[in-house]
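*Asks:*
Residue numbers (UniProt numbering): 1 to 136.
1. Take residue 32 and list the residues in its own chain whose beta-carbon comes closer than 7 Å to its own, dropping the five residues that flank it on each side.
2. At a cut of 8 Å, does the region 2 to 9 reach the region 70 to 89 through at least three beta carbon pairs?
3. On the DSSP bridge list, what partners appear for residue 59?
4. May I have the straight-line CA-CA distance separating residue 39 from residue 23, to the nearest angstrom?
5. By how many angstroms is the C-alpha of residue 18 removed from the C-alpha of residue 27?
6. Rank 52, 58, 71, 70 by C-alpha distance to the C-alpha of residue 89 and give the top, closest one.
7. List the endpoints of the continuous beta strand (DSSP E) containing residue 13.
8. Can you tell me where the beta strand (DSSP E) with residue 135 in it begins and where it stops?
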């Protein structure tokens, strides 16, 4: 297995948007940065909706995006210098989320006992008693 390359050693060729006014420049990794709110969760979701689609439980790039950005001609090592990752397959879980927590039986009994004592009438029962008095 190859040793991981230190990201600070990379140099990038920056292509200008207006190519007729500027020339491409090679810069160090430390010279590149992104404005604070340029990349967000919402923008990532939008990107995935526009350029990806699910196929049999796997998210793949759309054919239009592959053609537009010439992705078929590229491979993993074109974008990343290290070895491709190996993912271990794990079957999808059938349960969604955790089951709700239940109070212990003794705690439930304690709450019920408090509600039934004369000094701890519920709000509803107090309102009902008040309306009964008003009717009479």
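Built from N, CA and C at the ideal position, the CB exists for glycine as well.
*Replies:* Reading from the atomic positions:
1. Taking the chain shown and counting its residues from 1, the one referred to as residue 32 is at position 32. For residue 32, where only same-chain residues beyond five positions count, the Cβ hits under 7 Å are 12.
2. yes
3. Sequence index remark: in the chain shown, residue 59 carries index 59 (1-based). Note: residue 59 sits in a beta bridge opposite 54.
4. One-based indexing of the chain shown puts residue 39 at position 39. One-based indexing of the chain shown puts residue 23 at position 23. Rounded to whole angstroms, residue 39 and residue 23 show a C-alpha spacing of 26 Å.
5. By one-based count along the chain shown, residue 27 stands at place 27. By one-based count along the chain shown, residue 18 stands at place 18. In a straight line, the C-alpha of residue 27 is about 18 Å away from that of residue 18.
6. Position 89 of the chain shown, counted from the start, is the residue given in the question as residue 89. Looking at the Cα atoms, 58 is the closest of the given residues.
7. Against the chain shown, residue 13 aligns to sequence position 13. Start and end: 11 to 14.
8. Taking the chain shown and counting its residues from 1, the one referred to as residue 135 is at position 135. No beta strand (DSSP E) holds residue 135; the alpha helix (DSSP H) holding it covers 123 to 135.
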